[in-house]
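**Q**
2 protein chains.
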Amino acid sequence: MRANDLPEVRALPLFRSMEPENFSELMNAAYLQRFPRQVDLIFEGEPADFLYIVVEGCVELFSRHAARETTLAMVRPVRSFILAAVIRDAVYLMSARTTEVSRLLMIPSENIRAAFEKDAAFARAIVTELAVGFRTMVKEYKALKLRSGTERLAARLLIQNDAQGGTGRVVLPYDKKTLASLLGMTPENLSRSFAALKKYGVGVDGNTIDITDIEAVKRFCRPSVLIDADEDIF
Amino acid sequence: MRANDLPEVRALPLFRSMEPENFSELMNAAYLQRFPRQVDLIFEGEPADFLYIVVEGCVELFSRHAARETTLAMVRPVRSFILAAVIRDAVYLMSARTTEVSRLLMIPSENIRAAFEKDAAFARAIVTELAVGFRTMVKEYKALKLRSGTERLAARLLIQNDAQGGTGRVVLPYDKKTLASLLGMTPENLSRSFAALKKYGVGVDGNTIDITDIEAVKRFCRPSVLIDADEDIF
DNA sequence: CGTCACTTTGAGGTCATTCAATTCGCGTGG
DNA sequence: CCACGCGAATTGAATGACCTCAAAGTGACG
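Chains D and S, in that order, give the protein sequences.
Yeah, the first sequence ends on 234 if you go by UniProt numbering, and it's all consecutive.
Yeah, the second sequence ends on 234 if you go by UniProt numbering, and it's all consecutive.
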């Protein structure tokens, strides 16, 4: 299945300012494919043959080493992943699998690199995307080194709260096992961290979290734009 | 002091393929400056006014949050730092200070962005630089999440050993306090980690380390190109 | 030769993981 | 419709990793 008729993809910062004919060319080479949940898409160490874009569903980026495994990121629509490997024509550093039924757009790496050489606006967009990706990674790294597990959880709850309207009620977008791995802790520890946040007014009922005293949570984890803020891509 | 006559800078992957007149223009706007050791260069949170290039000496990138501090990277000649902030016209995410007497080239951000718009080869070089930076960051992040402190130390010793000729004798390029912070542990713990590596044939005398049984160290920390390898920029 | 920063070592405590057992919710199949 | 099984989530206890505090040793440098 090929797809040229995806306005969401065309609207992505990465493709928005491309020349129409270059975008068409790219889309003609691309595959739009449905995947069930829990399908392995790529393995770290493999050559980067495709740039992926999550059109629908959710993809988990993770890594394994010596019997340990950790979640590096969750990718939701509409975003691309593993751009850096494609640009470098290198090996993937992360593995990827779907966590829900998903629709993914797969664009062959050579086409991305060809379009990059040809289309100056696309090249600029790639620069922005990589710079944002780099800074996001730096923030994750800083969070891991500068905060405790419970603080990281609290900070993430505050971000989710903002993203979900700031009502004080947050619905976790994936299961707690995954959240724990993303935060760099075990599921058991995540449970205990939730329990520890109770004294700051955080209530847990399944995957819906209620934050009654946002200021107290802020005092505890000290959110910072230098660690927590998402970057707008514009 | 301004400097147009720095062949090392011109030879950098970032500038190598620029148009001569664009490079000249950039250098005419740049400052080459000497700094004593332990001088604060930039603070996280400040707007990114300059791109920095370490021509001589050494610069530590670090971050503080809530009374904690951690070293994020050490930059040695001849390399640039904080390119992503400059490109994004954003705020620095890391602070920087010299750890030795250093010569730094400072290029105003606007000039970098102007050259980026004008010079396609420069734009391509920036893409490569950012992609490499991103992948390096991912590797650090993975190492922190997937390895213990002692394993991270062992892996770093192996990398340094390769970089220093593979003789089995490594000279630490900075003091142990800094190394500890870079590895994400305390100085006390670094000492204990060195002691723990003794049984794999690692001997410590001041800042020179002797690795008598490289295979044993490898079996212990399981080095991987997906975590440890430096990326060539070419 | 004294000072000061770096490093090492020890003791004690905290945080996080592992292992084990239990509970809960959900979907499957009888 | 209910019993059952399964995976996810929680809780407890024990272990291990890492940090803090304190003190002593080492070396560089004025």
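All residues carry an ideal CB built from backbone N, CA and C; glycine is no exception.
Remember, it's a predicted structure, so these values are computed and weren't measured experimentally.
Note down, in chain order, every chain S residue with its Cβ under 8 Å from the Cβ of THR70 of chain D.
**A** Residue 70 of chain D sits at position 70 when you count from the first residue of the first sequence. Here the neighbours are LYS142, LYS145 and LEU146.
**Q** For GLY203 of chain S, write down the residues that DSSP places opposite it in a beta bridge.
**A** Taking the first residue of the second sequence as position 1, residue 203 of chain S is located at position 203. S:ASP210, per the DSSP bridge assignment.
**Q** For GLN33 of chain D, list the residues DSSP reports as bridge partners.
**A** For this step, residue 33 of chain D is matched to residue 33 along the first sequence. Paired residues: D:LEU104.
**Q** So which residues on chain D does ILE87 of chain S lean against when the C-beta distance must stay under 8 Å?
**A** Numbered from its first residue, the second sequence carries residue 87 of chain S at position 87. Within 8 Å Cβ-Cβ: VAL127, THR128 and ALA131.
**Q** Output, in chain order, the set of chain D residues within a Cβ distance shorter than 9 Å of GLY184 of chain S.
**A** Here residue 184 of chain S corresponds to residue number 184 of the second sequence, with the count starting at 1. Chain D residues near GLY184 of chain S: LEU144 and LYS145.
**Q** Between which residues of its own chain and GLU46 of chain S is the CB-CB distance below 8 Å, once the five residues before and five after are set aside?
**A** The count along the second sequence starts at 1 and reaches residue 46 of chain S at position 46. Excluding residues within five positions, the ones whose Cβ falls inside 8 Å are VAL91 and TYR92.
**Q** Run down chain S in chain order and give the residues with a C-beta less than 7 Å from the C-beta of ILE227 of chain D.
**A** Working through the first sequence from its first residue, we reach residue 227 of chain D at position 227. HIS65, listed in chain order.
**Q** In the DSSP assignment, what residue or residues form a beta bridge with ARG156 of chain S?
**A** For the purposes of this step, residue 156 of chain S is taken as residue 156 along the second sequence, with counting starting at 1. Paired residues: none, contrary to the question.
**Q** Keeping to the same chain, check which residues put their C-beta closer than 6 Å to that of ALA96 of chain D; ignore five residues upstream and five downstream.
**A** Indexing the first sequence from 1 puts residue 96 of chain D at position 96. So the qualifying residues of the chain are LEU41, ILE42, VAL59 and LEU61.
**Q** Would you report the Cα separation of GLU231 of chain S and PHE81 of chain S, rounded to the nearest angstrom?
**A** Taking the second sequence and counting its residues from 1, the one referred to as residue 231 of chain S is at position 231. Taking the second sequence and counting its residues from 1, the one referred to as residue 81 of chain S is at position 81. Between GLU231 of chain S and PHE81 of chain S, the C-alpha separation is close to 16 Å.
**Q** For my contact list, PHE134 of chain D and MET137 of chain S are in at a C-beta cut-off of 8 Å; report their separation, rounded to the angstrom.
**A** As a working note, residue 134 of chain D is residue 134 in the first sequence. As a working note, residue 137 of chain S is residue 137 in the second sequence. Yes, they are in contact, since the Cβ atoms of PHE134 of chain D and MET137 of chain S sit about 6 Å apart, within 8 Å.
**Q** Taking the alpha helix (DSSP H) that LEU183 of chain S belongs to, which residues open and close that run?
**A** Residue mapping note: residue 183 of chain S aligns to position 183 of the second sequence, counting from 1. Here the alpha helix (DSSP H) through LEU183 of chain S covers 176 to 183.
**Q** Could you give the C-beta distance for LEU130 of chain S and ALA84 of chain S, rounded to a whole number, given that I count them as a contact under 8 Å?
**A** Taking the second sequence and counting its residues from 1, one reaches residue 130 of chain S at position 130. Taking the second sequence and counting its residues from 1, one reaches residue 84 of chain S at position 84. Right, their Cβ atoms sit about 6 Å apart.
**Q** Indicate the three-state DSSP secondary structure (helix, strand or coil) for SER109 of chain D in the structure shown.
**A** Along the first sequence, one-based indexing puts residue 109 of chain D at 109. SER109 of chain D: helix per DSSP, three-state reduction.
**Q** Just verifying my parser: in three-state terms, what is the DSSP assignment at ILE82 of chain D?
**A** Within the first sequence, numbered from 1, the residue matching residue 82 of chain D stands at position 82. DSSP places ILE82 of chain D in coil when its eight states are reduced to three.
**Q** On the criterion of 16 or more Cβ atoms from any shown chain inside 10 Å, does GLY57 of chain D qualify as buried, or is it exposed?
**A** Start at 1 with the first residue of the first sequence, and residue 57 of chain D comes out as number 57. Buried, since its Cβ has 16 or more Cβ neighbours within 10 Å.
**Q** Taking its Cβ as the centre, do 16 or more other Cβ atoms sit within 10 Å of GLU151 of chain S, making it buried, or is it exposed?
**A** Against the second sequence, residue 151 of chain S aligns to sequence position 151. Result: buried.
**Q** So the candidates are S:ASP175, S:GLU188 and S:PHE220; which of them puts its Cα closest to the Cα of VAL202 of chain S?
**A** Start at 1 with the first residue of the second sequence, and residue 202 of chain S comes out as number 202. Cα-wise, what sits closest to VAL202 of chain S is S:PHE220.
**Q** Taking a contact to mean a Cβ-Cβ separation below 8 Å, would you say LEU26 of chain D touches ALA123 of chain D in this structure?
**A** Residue numbering aside, residue 26 of chain D sits at position 26 when the first sequence is read from its first letter. Residue numbering aside, residue 123 of chain D sits at position 123 when the first sequence is read from its first letter. Contact flag unset, no.
**Q** For THR99 of chain S, which of helix, strand or coil comes out of DSSP?
**A** Here the question's residue 99 of chain S lines up with position 99 in the second sequence. Residue state, collapsed to three classes: coil.
**Q** Is the distance from the Cβ of SER63 of chain S to the Cβ of LEU72 of chain S below 8 Å?
**A** In the second sequence, residue 63 of chain S corresponds to position 63, counting from 1. In the second sequence, residue 72 of chain S corresponds to position 72, counting from 1. In this structure, LEU72 of chain S lies closer than 8 Å to SER63 of chain S by Cβ.
**Q** Give the interface partners of GLY45 of chain D over in chain S, defined as CB-CB distance under 7 Å, in chain order.
**A** For this step, residue 45 of chain D is matched to residue 45 along the first sequence. By Cβ distance, chain S contributes LEU226.
**Q** Whose CA, out of D:ALA155, D:VAL171, D:ALA196 and D:PRO187, lies closest to the CA of LYS218 of chain D?
**A** By 1-based counting over the first sequence, the position of residue 218 of chain D is 218. Out of D:ALA155, D:VAL171, D:ALA196 and D:PRO187, D:ALA155 has the C-alpha closest to the C-alpha of LYS218 of chain D.
**Q** Does SER24 of chain D pass the burial test, meaning 16 or more other C-beta atoms within 10 Å, or should it be called exposed?
**A** Along the first sequence, read from residue 1 onward, the residue named residue 24 of chain D stands at position 24. So SER24 of chain D counts as exposed.
**Q** What are the start and end residues of the alpha helix (DSSP H) that includes SER63 of chain S?
**A** Looking up residue 63 of chain S in the second sequence gives position 63. It is not in any alpha helix (DSSP H) - SER63 of chain S instead sits in the beta strand (DSSP E) that spans 59 to 65.
**Q** Check this for me: beta carbons of LEU190 of chain S and LYS176 of chain S, under 8 Å apart or not?
**A** As a first step, residue 190 of chain S is located in the second sequence; it is residue number 190 there, counting from the start. As a first step, residue 176 of chain S is located in the second sequence; it is residue number 176 there, counting from the start. Yes, these two residues count as a Cβ contact at 8 Å.
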